[in-house]
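Under our numbering, the residue at position 378 of the sequence shown is numbered 378, and the numbers go up by one with no gaps.
A short write-up of the structure that comes next.
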Amino acid sequence: MSIFRDGLVGEIAVIGLGRSGSAVAELLVRDGHAVYASDSSAGRESSAAGARLRELGMDVDVGAHDLARVGSAALVVVSPGVPPSAAPLAAARESGREVVSEVEIALHYLPRLRYIAVSGTNGKTTTTALVGQMLRALGHDAPDAGNIGTPLASLALRTQPPAWAALELSSFQLHDTPSLRPTVRVLTNLSPDHLDRYASVADYYADKARLFANTTAESVVVVNADDAAVLEMAGAYPGTRSRFSASGAVGEARYDRDSGLLELLGRPLMPRAELPLLGDHNVANALAAALAVAMADGAHRTDSARQIITEVLRSFHALPHRMEPVVEVDGVLWINDSKATNVSSTHVALEGMTRPYVLLLGGRHKGEPYTSLAEPFRRLGRTTLAFGEARDQIVRDLGELLPVERLDGDFASVVARAREIAGPGDAVLLSPACSSYDMFNNYEQRGDVFRELARGPER
């Protein structure tokens, strides 16, 4: 990063004291930089982080930002949860200060790291987890990092940093990471999202396109052959494009529906029946991960390496809150897809269902219409329960297209109503297409509560 290469003089401001902000602040202080850290929240997590960072010798504000101090900082580091409209970032822009992500700083301190960077609207966490598990099974020290939960800066704080990493990147992180140079870039798919934060879909896609910054003719890019927007975006940049396809389209990794086999680099890899993940979208995630790992190093393409990749896919189970089968009670399967916080993710979930279901749809509206869910719902959907702040919008969008019940109660009453409707052979699917912030702190809490309610008090 140029500002480090040229020599950084002055204080660095870190905005946001979540896991990313805390880790990068500690990393910078350890390297001898003066750091001012702040968070607009005065909650328990940020207060505890602030107290710990003060013990390391930095100045910290919790519950407020010193805007003048941010505006005069030599560099501003932003956590991914901080929106661009936040006052400290506005102060930084007005003063002409450079704003970078925690990932950008961490990469500076990990110059020899080989990493597979995964982004996309949906599927990136599962794909990243698969990539990391494959790399570790192949004998590498390769943590999962980034948007998946572990800050990259935490890896840089290690006494012995890892040689590899599986790095999930959100559009927010991509926006402020100009020096990105992964071993392999993976773009899972593209569809509108985060329209509560972006002014337009074009702006959101522009940040996703930053995944391809710094590509050269030698760059390796893994892209979804079934997604026209992905192919168009990736086609504008140099590099070798390796394609994966869950539909059976031509690609270096594909699902041959006639034979029921997943193929990798022109050879059978495993039967689809042996992949313990629900839905075609997870077939795509598995293919993307296998192809990315295979393309990352020639040693990953040997017969023994292919066998290891296959065994990882056979043993991998759904991550929490991502089409996660919770329990089957009285013939009803309860599925937790709380991570589906946008319409396109719920659309994919509905396409992957194999039994009739009651859909739990709602939360805080993110700006997308729900009308596109009608078509996949009609195949197996029984009824939709609209809840939370978005319930009226859901009824307006879908009420004339499919059966919808508007519910005013708390989340427990929503689950109770689903239990009344669903019968043996059915499923209850929580795939909300909304953020969780009307009723919960995050999608994890929403999924945890759903899981508990689904199992019932006797379980």
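Ideal Cβ placement from N, Cα and C applies to all residues, glycine included.
Since the model is a prediction, treat every value here as computed from it, not as a measurement.
Sub-8 Å separation of residue i and residue j beta-carbons
{"i": "proline 376", "j": "leucine 407", "result": "no"}
{"i": "aspartate 61", "j": "serine 38", "result": "yes"}
{"i": "alanine 213", "j": "serine 245", "result": "no"}
{"i": "valine 230", "j": "valine 186", "result": "no"}
{"i": "serine 344", "j": "proline 192", "result": "yes"}
{"i": "leucine 385", "j": "threonine 346", "result": "no"}
{"i": "alanine 161", "j": "leucine 113", "result": "For the record, residue 161 in the displayed sequence is proline; it is not alanine. The answer is yes: Cβ separation under 8 Å."}
{"i": "arginine 243", "j": "leucine 261", "result": "no"}
{"i": "histidine 281", "j": "glycine 381", "result": "no"}
{"i": "isoleucine 116", "j": "alanine 288", "result": "no"}
{"i": "leucine 291", "j": "alanine 253", "result": "yes"}
Per-residue burial, residue i [other beta carbons within 10 Å of its own, 16 or more giving buried]
{"i": "arginine 459", "result": "With a pLDDT of 46 at arginine 459, under the threshold of 50, the modelled position of this residue cannot be trusted; read the value that follows with caution. Exposed, because fewer than 16 other Cβ atoms sit within 10 Å of the Cβ of arginine 459."}
{"i": "aspartate 397", "result": "buried"}
{"i": "alanine 13", "result": "buried"}
{"i": "serine 259", "result": "exposed"}
{"i": "glycine 10", "result": "exposed"}
{"i": "serine 413", "result": "exposed"}
{"i": "asparagine 441", "result": "exposed"}
{"i": "glutamate 104", "result": "buried"}
{"i": "threonine 150", "result": "buried"}
{"i": "serine 304", "result": "exposed"}
{"i": "glycine 96", "result": "exposed"}
{"i": "alanine 422", "result": "buried"}
{"i": "proline 268", "result": "exposed"}
{"i": "asparagine 122", "result": "buried"}
{"i": "aspartate 392", "result": "exposed"}
{"i": "valine 250", "result": "exposed"}
{"i": "proline 88", "result": "buried"}
{"i": "aspartate 426", "result": "buried"}
{"i": "aspartate 207", "result": "buried"}
{"i": "alanine 418", "result": "buried"}
{"i": "aspartate 144", "result": "buried"}
{"i": "histidine 317", "result": "exposed"}
{"i": "arginine 44", "result": "exposed"}
{"i": "glutamate 55", "result": "exposed"}
Beta-ladder partner(s) of residue i, from DSSP
{"i": "asparagine 336", "result": "Glu324 and Leu430"}
{"i": "leucine 360", "result": "Leu385 and Leu430"}
{"i": "glutamate 263", "result": "Arg254 and Pro268"}
{"i": "tyrosine 370", "result": "Partner(s): none; tyrosine 370 has no beta bridge."}
{"i": "alanine 169", "result": "According to the sequence shown, residue 169 is leucine rather than alanine. Paired residue(s): none; leucine 169 is not in a bridge."}
{"i": "aspartate 39", "result": "Val62 and Ala64"}
{"i": "phenylalanine 244", "result": "Asn224 and Ala253"}
{"i": "arginine 185", "result": "Ala117 and Val221"}
{"i": "aspartate 144", "result": "Ala166"}
{"i": "valine 100", "result": "Val77"}
{"i": "valine 14", "result": "Ala37 and Val77"}
{"i": "glutamate 405", "result": "Leu385"}
Nonlocal neighbours in the same chain, by C-beta distance under 6 Å from residue i, ignoring five residues either side
{"i": "glycine 462", "result": "Because residue 462 is not part of the residues shown, which for the chain are 1 to 459, the question remains open."}
{"i": "serine 20", "result": "Ser79, Glu102 and Pro151"}
{"i": "tryptophan 164", "result": "Arg114, Leu135, His140 and Ala142"}
{"i": "proline 83", "result": "Arg197"}
{"i": "serine 170", "result": "Pro80 and Asn147"}
{"i": "alanine 284", "result": "Ala246"}
Neighbourhood of residue i by C-beta distance below 8 Å, restricted to the same chain and skipping five residues each side
{"i": "alanine 454", "result": "Val326, Val327, Val329, Trp334, Asn336, Val415 and Val428"}
{"i": "aspartate 59", "result": "Val35, Tyr36 and Ala37"}
{"i": "leucine 28", "result": "Ile12, Val14, Val35, Val77 and Ile105"}
{"i": "glutamate 274", "result": "Leu313 and Arg314"}
Sequence-distant residues of its chain with Cβ nearer than 7 Å to residue i (five each side left out)
{"i": "serine 200", "result": "none"}
{"i": "glutamate 168", "result": "Val118, Lys124, Thr125, Thr128, Gly146, Asn147 and Ile148"}
{"i": "aspartate 463", "result": "Outside the modelled stretch of the chain, which goes from 1 to 459, sits residue 463, for which no answer is possible."}
{"i": "glycine 81", "result": "Gly16 and Gly18"}
{"i": "tyrosine 237", "result": "Phe212 and Thr215"}
{"i": "phenylalanine 450", "result": "Asn336, Ser338, Val415 and Leu430"}
Candidates the options: closest to residue i by CA position
{"i": "glutamine 307", "options": "Leu319, Asp141, Ala318 and Val293", "result": "Val293"}
{"i": "leucine 195", "options": "Leu361, Ala165 and Cys434", "result": "Cys434"}
{"i": "phenylalanine 420", "options": "Gly399, Thr383, Met233 and Leu277", "result": "In the sequence under discussion, the amino acid at residue 420 is glutamate, which differs from the phenylalanine named in the question. Of the listed residues, the one whose Cα sits closest to glutamate 420 is Thr383."}
{"i": "leucine 130", "options": "Thr310, Ala418, Arg301 and Asp410", "result": "Thr310"}
{"i": "tyrosine 198", "options": "His175, Thr215, Ala153 and Leu211", "result": "His175"}
{"i": "leucine 107", "options": "Leu155, Ala92 and Arg93", "result": "Leu155"}
{"i": "arginine 314", "options": "Val332, Leu278 and Gly409", "result": "Leu278"}
{"i": "arginine 93", "options": "Leu138, Tyr237, Tyr443 and Leu67", "result": "Leu67"}
{"i": "serine 46", "options": "Ile394, Gly456, Ala64 and Phe411", "result": "Ala64"}
{"i": "valine 100", "options": "Thr159, Leu265, Ala25 and Ala42", "result": "Ala25"}
{"i": "leucine 331", "options": "Leu56, Leu75, Pro424 and Ala90", "result": "It should be pointed out that residue 331 corresponds to glycine in this sequence rather than to leucine. Of the listed residues, the one whose Cα sits closest to glycine 331 is Pro424."}
{"i": "serine 219", "options": "Tyr205, Gly235 and Tyr204", "result": "Gly235"}
{"i": "glycine 57", "options": "Leu75, Asp31 and Gly71", "result": "Asp31"}
{"i": "arginine 52", "options": "Thr183, Ser22 and His33", "result": "Ser22"}
{"i": "asparagine 189", "options": "Ala90, Pro369, Asp227 and Gly71", "result": "Asp227"}
{"i": "arginine 301", "options": "Met270, Leu265, Ala286 and Met323", "result": "Leu265"}
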